[in-house]
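Written below as structure tokens is the structure these notes are about.
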Amino acid sequence: MVNINKIIYLIALFVTTCFGATSSNQVWGKGYTFLKFLETYNIPSNVYWDLYPEDKELTAEIYAGVRYYTLIDDNNTLLQALIPLNDETQIHITKDDQTYKVDFIPVKYFSSTNSIALSIQKSPYQDIVDLTGDTNLANEFVNTYKNTINFNRNVLKNDKLALIYHSKYRLGRIFGTPDIKASLVETNGIPNFLFAYSDGKYYDQNGNGISRLLFRTPVSNARISSRFSLNRIHPILKVKRPHYGVDYAAPHGTNVKAAANGRVIFAGTKSGYGKVVEISHENGLKTLYAHLSKINAKKGQKVQTGQIIGKVGNSGLSTGSHLHFGLYRNNKPINPLSNINSKKSVLAKEQKEEFLKLAKQYEEQLKIAIIDNLHSKAPSYFASN
Numbered sequence: 013m014v015n016i017n018k019i020i021y022l023i024a025l026f027v028t029t030c031f032g033a034t035s036s037n038q039v040w041g042k043g044y045t046f047l048k049f050l051e052t053y054n055i056p057s058n059v060y061w062d063l064y065p066e067d068k069e070l071t072a073e074i075y076a077g078v079r080y081y082t083l084i085d086d087n088n089t090l091l092q093a094l095i096p097l098n099d100e101t102q103i104h105i106t107k108d109d110q111t112y113k114v115d116f117i118p119v120k121y122f123s124s125t126n127s128i129a130l131s132i133q134k135s136p137y138q139d140i141v142d143l144t145g146d147t148n149l150a151n152e153f154v155n156t157y158k159n160t161i162n163f164n165r166n167v168l169k170n171d172k173l174a175l176i177y178h179s180k181y182r183l184g185r186i187f188g189t190p191d192i193k194a195s196l197v198e199t200n201g202i203p204n205f206l207f208a209y210s211d212g213k214y215y216d217q218n219g220n221g222i223s224r225l226l227f228r229t230p231v232s233n234a235r236i237s238s239r240f241s242l243n244r245i246h247p248i249l250k251v252k253r254p255h256y257g258v259d260y261a262a263p264h265g266t267n268v269k270a271a272a273n274g275r276v277i278f279a280g281t282k283s284g285y286g287k288v289v290e291i292s293h294e295n296g297l298k299t300l301y302a303h304l305s306k307i308n309a310k311k312g313q314k315v316q317t318g319q320i321i322g323k324v325g326n327s328g329l330s331t332g333s334h335l336h337f338g339l340y341r342n343n344k345p346i347n348p349l350s351n352i353n354s355k356k357s358v359l360a361k362e363q364k365e366e367f368l369k370l371a372k373q374y375e376e377q378l379k380i381a382i383i384d385n386l387h388s389k390a391p392s393y394f395a396s397n
């Protein structure tokens, strides 16, 4: 359950910080940019232009729909702002006398473990939303089973569903994407378990990996010049700065290909990233192709794996010709190299033994969730596992 005392503490802390000023939270709109944000609050644009190139690039990671916080004084002057880039990192803007400072700091939140169980009435997605009000949780659940169950065909009314998951809370609100640790959904009375392991992947109760979307390298025969990292040391600032993607060094004009089937959701310019193409894929996944010299795709267009969508370049804040390739799951950056040319995960012997012990513990928690939430006996298949 949610720790109410922690929520009250965080709210009180924020209110104390805001004494003599007004705090508010808003949703980042589609097409809104960091430069536009500065203009909105009458902050000089050089606050952006004076940033190091890598930091300018990071401001392009702000995504539509994220909730950000501002602190405004009685003269309508911005004193502070917190703008999340993802679940882990946020932009912190502060005013000191007449100057503004931009930094990148960890998102402060606390986590809680929650469990739900329900009897399906409408659909797994809608029933989860109706019970929790959390569309992110419902999306995450559906995406987890995307390649294993057809919910439209195989799930019947009154089939059971149960989840064990971690939620993040920030300033009294649910924040980011829930982390599903264990799940069960019946299909015509037959149980389908999935459990998360420490490698970030899902396995069934026997330790078998589930099939995943196959990604291909977007540039042929290219050298990796910079790898994905959440804690890369900035070469000049000597502080930790994330690098949300993989850089492929390649000659100007080299073909850039779609890493998987999908639909183009953005084709245009994004501040530090220059010319960009973004493609939406199944399972809540998105790929980003940045610093292009030419775009060969249009928004709304369906593309196939290997289809040319642009040309390598150095548009935006780039020091040389290369492709910046990003991979995101529900707007959270993940390592592209861990998801290229890998269809199904296989656990080593020692890992499997550890996983099976963990799965048994989660099964017991799912059983308790069903008993407590549905006020019924545990289904017979628990006794047989």
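Position one of the sequence shown corresponds to residue 13 (our numbering), numbered consecutively onward.
Beta carbons: idealized from backbone N, C-alpha and C, even for Gly.
Paired residues, beta bridge with residue i - DSSP
i: D191; result: H178
i: I222; result: According to DSSP, I222 bridges with nothing at all.
i: S291; result: Note that residue 291 is Ile in the sequence shown here, rather than Ser. Answer is V276, T299.
i: L196; result: A174, F205
i: G286; result: K282
i: F163; result: F163 pairs with nothing; no bridge assigned.
i: A261; result: R235, H334
i: K252; result: I245
i: Y44; result: DSSP lists no partner for Y44.
i: R185; result: R182
i: R79; result: V39
i: V59; result: None, per the DSSP bridge assignment.
i: V268; result: G322
Pairwise C-alpha distance: residue j and residue i
i: N267; j: G284; result: 21 Å
i: F337; j: F394; result: 44 Å
i: I140; j: A279; result: 34 Å
i: K18; j: S57; result: Confidence at K18 is low in this model, with a pLDDT of 42, below 50, so its placement is unreliable and the value that follows should be read with caution. Using only the alpha carbons, I get a separation of about 37 Å.
i: P65; j: A390; result: 57 Å
i: F46; j: Y157; result: 36 Å
i: P96; j: Y80; result: 7 Å
i: D384; j: Y112; result: 52 Å
i: S232; j: K306; result: 17 Å
i: K107; j: R244; result: 27 Å
i: S123; j: I192; result: 13 Å
i: S35; j: G43; result: 24 Å
i: S238; j: K364; result: 33 Å
i: N204; j: I277; result: 33 Å
i: N88; j: T82; result: 11 Å
i: L339; j: S388; result: 42 Å
i: H104; j: R185; result: 19 Å
i: T144; j: D109; result: 44 Å
i: A194; j: S350; result: 22 Å
i: I202; j: G318; result: 38 Å
i: T125; j: L175; result: 10 Å
i: N353; j: S223; result: 12 Å
i: T160; j: L63; result: 46 Å
i: D142; j: I132; result: 11 Å
i: S392; j: D211; result: 31 Å
i: P254; j: N347; result: 12 Å
i: N166; j: T229; result: 35 Å
Same chain, Cβ closer than 6 Å to residue i, five either side skipped, listed in chain order
i: D99; result: G188, K344
i: K379; result: A390, F394
i: E198; result: D171, K172
i: K213; result: S357
i: Q316; result: N273
Residue i and residue j closer than 7 Å at C-beta
i: F240; j: V258; result: yes
i: Q92; j: V119; result: no
i: L168; j: N200; result: yes
i: A234; j: A262; result: yes
i: W40; j: I84; result: no
i: A270; j: F227; result: no
i: K282; j: A150; result: no
i: H293; j: G312; result: no
i: P7; j: F163; result: This structure cannot speak to residue 7, because the chain is shown only from 13 to 397.
i: Y53; j: L94; result: no
i: A381; j: S179; result: no
i: S357; j: G221; result: yes
i: A129; j: L386; result: yes
i: N295; j: L242; result: no
i: G219; j: F116; result: no
i: L297; j: R341; result: yes
i: E69; j: L329; result: yes
i: Y260; j: R182; result: no
i: N308; j: I320; result: yes
7 Å CB neighbourhood of residue i in its chain, flanking five on each side removed
i: A371; result: F207, Q217
i: Q377; result: S127, I176, A194
i: Y374; result: I176, K193, A194, F207
Same chain, Cβ closer than 8 Å to residue i, neighbours up to 5 away in sequence not counted
i: L304; result: V268, G286, K287, V288, V289, G322, K323, V324, G325, S327, L335
i: L50; result: P56, S57, V59, Y60
i: H264; result: S305, K323, V324, G325, N326, S333
Closer than 6 Å: residue i CB and nearest the ligand COA heavy atom
i: N343; result: Summarising the ligand content, the structure contains no ligands, and the ligand COA is consequently not present.
What are the uninterrupted segments assigned as alpha helix (DSSP H) that are 4 or more residues long and contained completely in the region 304 to 363, given in chain order? For the region 304 to 363, not one full-length alpha helix (DSSP H) segment reaches 4 residues or more.
Complete runs of the beta strand (DSSP E) confined to the region 86 to 136 [at least 3 residues]: Runs found: 90 to 96, 101 to 108, 111 to 118, 122 to 131.
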